[in-house]
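Going left to right, the sequence shown walks through residues 1 to 288 as the numbering used here numbers them.
Positions of the beta carbon are idealized from the N, C-alpha and C atoms, including for glycine.
Keep in mind it's a predicted model, so treat the numbers as computed, not measured.
Right, one structure below, let's go through it.
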Amino acid sequence: MDQRQALLLSRTQASYVNLVAATRDQVGLFIANRWEGLGNYRDADFIAYENAVIPVVLSGERRVAQLTNSYLAGMQNIATGKNAAAPPLDIEAVTGAPLRQGVEPSTVYHRPAVTMYSALSKGTPFVTAAKQGLARARNLASTDLQLAKTHTVARQGRYAWYRRRLTGAENCALCVIASTQRYHQGDLQPIHPACDCYCQEENTQDPGQIIEPDLLDATHGAIASFTGTGSDRSARIIDGHGKSITLRDGSSKAADYTDLVVTRQHGEYGPVIGWRDDAFTSAADLGL
Numbered sequence: 001m002d003q004r005q006a007l008l009l010s011r012t013q014a015s016y017v018n019l020v021a022a023t024r025d026q027v028g029l030f031i032a033n034r035w036e037g038l039g040n041y042r043d044a045d046f047i048a049y050e051n052a053v054i055p056v057v058l059s060g061e062r063r064v065a066q067l068t069n070s071y072l073a074g075m076q077n078i079a080t081g082k083n084a085a086a087p088p089l090d091i092e093a094v095t096g097a098p099l100r101q102g103v104e105p106s107t108v109y110h111r112p113a114v115t116m117y118s119a120l121s122k123g124t125p126f127v128t129a130a131k132q133g134l135a136r137a138r139n140l141a142s143t144d145l146q147l148a149k150t151h152t153v154a155r156q157g158r159y160a161w162y163r164r165r166l167t168g169a170e171n172c173a174l175c176v177i178a179s180t181q182r183y184h185q186g187d188l189q190p191i192h193p194a195c196d197c198y199c200q201e202e203n204t205q206d207p208g209q210i211i212e213p214d215l216l217d218a219t220h221g222a223i224a225s226f227t228g229t230g231s232d233r234s235a236r237i238i239d240g241h242g243k244s245i246t247l248r249d250g251s252s253k254a255a256d257y258t259d260l261v262v263t264r265q266h267g268e269y270g271p272v273i274g275w276r277d278d279a280f281t282s283a284a285d286l287g288l
């Protein structure tokens, strides 16, 4: 890649990240304003909230999907020197219920009300319960926007391999480690709640499982230093293409999993990144 291509690549990536982030912020702000203006937080209030929020979330999903499709086309044009238009995108396949294995948005976006009522039933103060409901509402929308992104990549990507790129906004250790690995094209990019990573296709032969060994080693070292315990240096395979095992809760892990990073299957939207030592939580526990 020459200097001109590298500059175009950097600008294209930055523009994409900024536009997606702006969409996330706009949807999140709308949700917060509607939630905080609910008034009495009764059933009728929640119905009005859901009727207002769902169309905005769906619009955000469409926006992210279209941005991702254009981004992929732009990256491919940079790699090939062409100026081809973005290919057609089946927007209905990468928004709404298909993002969560057919679960309708009306079901998903009623969950913040359930979260709030559940907290109140346990004696949680009203203000705290309302904040918990809002946190879940924003988390749901953030997750769905990320799912629109990953589903679009899975459908529209043209190359065999891709990698996770960090945005610098919310980079947890899991995402940093995942960014050192390569994924097979067609796999849904693993996510966690509020993840804002994006992907970059690799238009080369298989680069191998580890594509940034120095960063991986440094991250393991930082974890070991922070925790005061050793970090399993064999924490490599996270794309699930090797032999896998099924756990009692129905989730799956690579058979050669380690104590650091795994990919678990969530019933609605697919892979989730998590720590091996953590029990796989329910959708409610994850805020999803």
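Taken through DSSP and simplified to helix, strand or coil, residue 41 comes out as coil. Annotation for residue 127: the continuous alpha helix (DSSP H) segment containing it runs 126 to 156. Put simply, the backbone Cα of residue 29 is about 39 Å away from that of residue 3.
Between residue 27 and residue 67 the beta-carbon gap is near 13 Å, outside 8 Å, which marks them as no contact. Listed in chain order, the non-local C-beta contacts of residue 45 below 6 Å within the same chain comprise 38, 39, local neighbours out to five positions each way being set aside. The three-state secondary structure of residue 109, taken from DSSP, is coil.
Under the three-state reduction of DSSP, residue 101 is assigned to coil, being neither helix nor strand. Distance from the CA atom of residue 61 to the CA atom of residue 24, rounded to whole angstroms, is 9 Å. The C-beta distance from residue 198 to residue 167 rounds to 7 Å, short enough to meet the 8 Å contact threshold. For residue 27, the enclosing alpha helix (DSSP H) stretches over residues 3 to 36. Scanning its chain for C-beta atoms nearer than 7 Å, with the 5 sequence neighbours on each side dropped, one finds around residue 130 the residues 41, 116, in chain order. One Cα belongs to residue 111, the other to residue 164, and the distance between them is close to 29 Å.
Nearest Cα to residue 181 within the set 213, 153, 151, 157: 213.
The beta carbon of residue 148 is closer than 7 Å to those of 61, 64, 65, 94, 95, 99 in its chain, skipping five residues each way along the sequence. Taking 7 Å as the cut-off, the beta carbon of residue 109 is found closer than this to the beta carbon of residue 54.
Of the residues assessed, residue 11 falls on the exposed side of the cut-off, its CB having fewer than 16 other CB atoms within 10 angstroms. The C-beta distance from residue 17 to residue 72 rounds to 14 Å, too long to meet the 8 Å contact threshold. In terms of Cα proximity to residue 179, the closest of 210, 6, 157 is 210.
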